[in-house]
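What follows is a short report on a single structure.
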Amino acid sequence: MPTYEFQCEKCRKRFELVYTITEYERKARKLKCPKCGSTRVGRKISSFEVKTSKKS
Ligand SMILES: [Zn+2]
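Here the sequence shown stands for residues 4 to 59, where the numbers follow the numbering used here.
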């Protein structure tokens with residue numbers, strides 16, 4: 004299963020979650036930071052996907 008890495012945009016807390024694709028799609032919309040509870044959580048690109056795009 005892929006590991007998804009996230010970072011809270013509010014407190015900068017980083018955390019990882021392991022989801023199946025289906026689970027991820029269902030839960031990604033209402034993710035919350037485990038530390039401050041903010042829903043402003045950004046997805047970090049995991050190594051899982053870093054093969055094609057190199058845009059910055
Ligand atoms: Zn936070």
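Beta carbons are placed, not taken as given, at the ideal position from N, Cα and C, and that holds for glycine. None of these values were measured; they are calculated from a predicted model.
Among the options, the one whose alpha carbon lies nearest that of residue i
| i | options | result |
| --- | --- | --- |
| TYR22 | THR42, PRO37 and LYS30 | LYS30 |
| PRO37 | LYS13, GLU28 and MET4 | LYS13 |
| ARG43 | CYS11, ARG17 and LEU20 | CYS11 |
| LYS35 | ILE24, ARG15 and MET4 | ARG15 |
C-beta contact flag for residue i and residue j at 8 Å
| i | j | result |
| --- | --- | --- |
| TYR7 | ARG46 | yes |
Under the three-state DSSP convention, the category residue i falls into
| i | result |
| --- | --- |
| LYS47 | strand |
| LYS33 | helix |
| THR42 | coil |
Those residues which DSSP pairs with residue i across a bridge
| i | result |
| --- | --- |
| GLU8 | GLU19 and LYS47 |
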